[in-house]
Amino acid sequence: MKSHILLLSFILLLIIPVNNAYSELKLFTTNQVYSEGEPLFVYGNGKPNETLIIRLFSPDDTIVGFDQLTTADDGSFNHVLLIWPKPTSSFPFGTYTIEAISTEQNGLSQKLDVKFTSTTDLMEIPIERHVLTSVFAPETAAINNPFRIFVQTTSDGLLIGDDPKELLQTTHIHLPSGKVETISNAFSTLHQGLYYLDYTPKEEGTYVFHVVSFNQGTISHASVATNVLSQDLGGISNQIIELNSVLKETSDELDILKSEIEGFGSTLEGASTNIDASVTSVSNSVSNIEEASSQLNSLFFPIVASIGIIVALQIAILARRR
Numbered sequence: 110m111k112s113h114i115l116l117l118s119f120i121l122l123l124i125i126p127v128n129n130a131y132s133e134l135k136l137f138t139t140n141q142v143y144s145e146g147e148p149l150f151v152y153g154n155g156k157p158n159e160t161l162i163i164r165l166f167s168p169d170d171t172i173v174g175f176d177q178l179t180t181a182d183d184g185s186f187n188h189v190l191l192i193w194p195k196p197t198s199s200f201p202f203g204t205y206t207i208e209a210i211s212t213e214q215n216g217l218s219q220k221l222d223v224k225f226t227s228t229t230d231l232m233e234i235p236i237e238r239h240v241l242t243s244v245f246a247p248e249t250a251a252i253n254n255p256f257r258i259f260v261q262t263t264s265d266g267l268l269i270g271d272d273p274k275e276l277l278q279t280t281h282i283h284l285p286s287g288k289v290e291t292i293s294n295a296f297s298t299l300h301q302g303l304y305y306l307d308y309t310p311k312e313e314g315t316y317v318f319h320v321v322s323f324n325q326g327t328i329s330h331a332s333v334a335t336n337v338l339s340q341d342l343g344g345i346s347n348q349i350i351e352l353n354s355v356l357k358e359t360s361d362e363l364d365i366l367k368s369e370i371e372g373f374g375s376t377l378e379g380a381s382t383n384i385d386a387s388v389t390s391v392s393n394s395v396s397n398i399e400e401a402s403s404q405l406n407s408l409f410f411p412i413v414a415s416i417g418i419i420v421a422l423q424i425a426i427l428a429r430r431r
């Protein structure tokens, strides 16, 4: 039994080095930068007579090239994957990724980035990706009222990304209280490279949404702030509209009062005119009375004097008779 175990161990030791000798998968291209009409030539080494899958990814991570080939007896391979076409919306300029996948080495794969540009003359530049993150949120919001946040991730002008839990895995919010809230698992996918989150604030103050995108070793940051109030602008706007309505009604009532006052003013003016006329008339009457009184006095005094004389004579006559 022990001899069988030792024999089996010896066979395994012999097999493992042989497999390790061909366990590496290598991938190369003739150039790093290509332009229209040039062939994309890939070559490398794998296991002898194994099947390899070669894929080409565009800047937005969609597959634009796919081929399957078999390595030679020594494990080498070389293949023209495609001839670079004219740039289009589905084949734009930018950074492309070539991937070779082994079907016999537990899915072992190798990746290589190349650049598709308008010209390759005198161009020696490093192949790099530039991920751009944009975040959109309202400037103001209200407590306990949900609002929506949108995130866009692009590379070379194209939308990139798939699972927001991986792409936006360190995205968080700085709350007004100073605490930090992680929201990477709360995003939903609207479209490839477009994500959204419905968020409900619980306190007043400024919320800072810090979005972090990580794609193929490249990281990008973007931030936006939202000021949360006790009520939203819609409620304030309704109050302003209501106030404007009240002010309009008040203005209308003041116009009516003004017109009534103007009518009352004309009435007072007429009454004043009538009073002036009445005063003039009374004054004239008083003058007439004074004139009549003077005339009456001029007539009354002689009569009274005559009566006095007559009375005196009567008294004298009566006295003599006695």
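Going letter by letter, the sequence shown gives residues 110 to 431 in this note's numbering.
All C-beta atoms in this analysis are idealised placements derived from N, C-alpha and C, irrespective of residue type, glycine included.
The model shown is predicted, which means the values in this text are computed figures rather than measured ones.
- Around residue 186, the same chain offers 152, 153, 155, 161, 178 and 180 as residues with beta carbons nearer than 7 Å, after the five sequence neighbours per side are excluded.
- Taking all protein chains in view, the Cβ of residue 269 is crowded by 16 or more other Cβ atoms within 10 Å, so the residue is classified as buried.
- DSSP places residue 276 in the uninterrupted alpha helix (DSSP H) bounded by 273-276.
- In the DSSP assignment, residue 192 falls within the beta strand (DSSP E) that extends over 185-192.
- The beta carbons of residue 173 and residue 226 sit no closer together than 8 Å.
- Note on residue 223: 16 or more other CB atoms within 10 angstroms of its CB, so buried under the neighbour-count rule.
- For residue 264, the uninterrupted beta strand (DSSP E) segment begins and ends at 256-264.
- Its Cα nearest to that of residue 163, the residue 210 stands out among 291, 157 and 210.
- Taking C-beta atoms under 8 Å as the contact rule, residue 317 and residue 295 fail to qualify, at a distance of about 16 Å.
- Note that the stretch 247-255 does not touch the stretch 278-297; fewer than 3 beta-carbon pairs, one per stretch, sit closer than 8 Å.
- Here residue 379 is exposed: its Cβ has fewer than 16 other Cβ atoms, across all protein chains shown, within 10 Å.
- Counting C-beta pairs with one atom in each stretch, the stretch 346-364 and the stretch 304-314 have fewer than three that are closer than 8 Å, which means they do not touch.
- The Cβ atoms of residue 138 and residue 207 sit closer than 8 Å to each other.
- Taken atom to atom, the span from the alpha-carbon of residue 256 to that of residue 313 is near 14 Å.
- In this structure, the CA atom of residue 393 is about 10 Å from the CA atom of residue 387.
- Within a 10 Å sphere around the beta-carbon of residue 420 sit fewer than 16 other beta-carbons, which makes this residue exposed.
- Nearest C-alpha to residue 204 among 240, 214, 184 and 176: 240.
- The beta carbons of residue 359 and residue 336 sit no closer together than 8 Å.
- Exclusion of the five residues before and after residue 228 leaves 144 as the residues of its chain whose Cβ lies within less than 8 Å of its Cβ.
- The C-alpha of residue 396 lies about 24 Å from the C-alpha of residue 411.
- Looking at the backbone, the Cα of residue 260 and that of residue 242 are separated by about 7 Å.
- Residue pairing by DSSP leaves residue 427 without any beta bridge partner.
- With respect to the C-alpha of residue 323, the residue from 276, 369, 170 and 286 having the closest C-alpha is 276.
- In this structure, the CA atom of residue 417 is about 49 Å from the CA atom of residue 383.
- For residue 177, the enclosing beta strand (DSSP E) stretches over residues 172-179.
- With a cutoff of 8 Å on beta-carbon distance, residue 133 and residue 213 are scored as not near each other.
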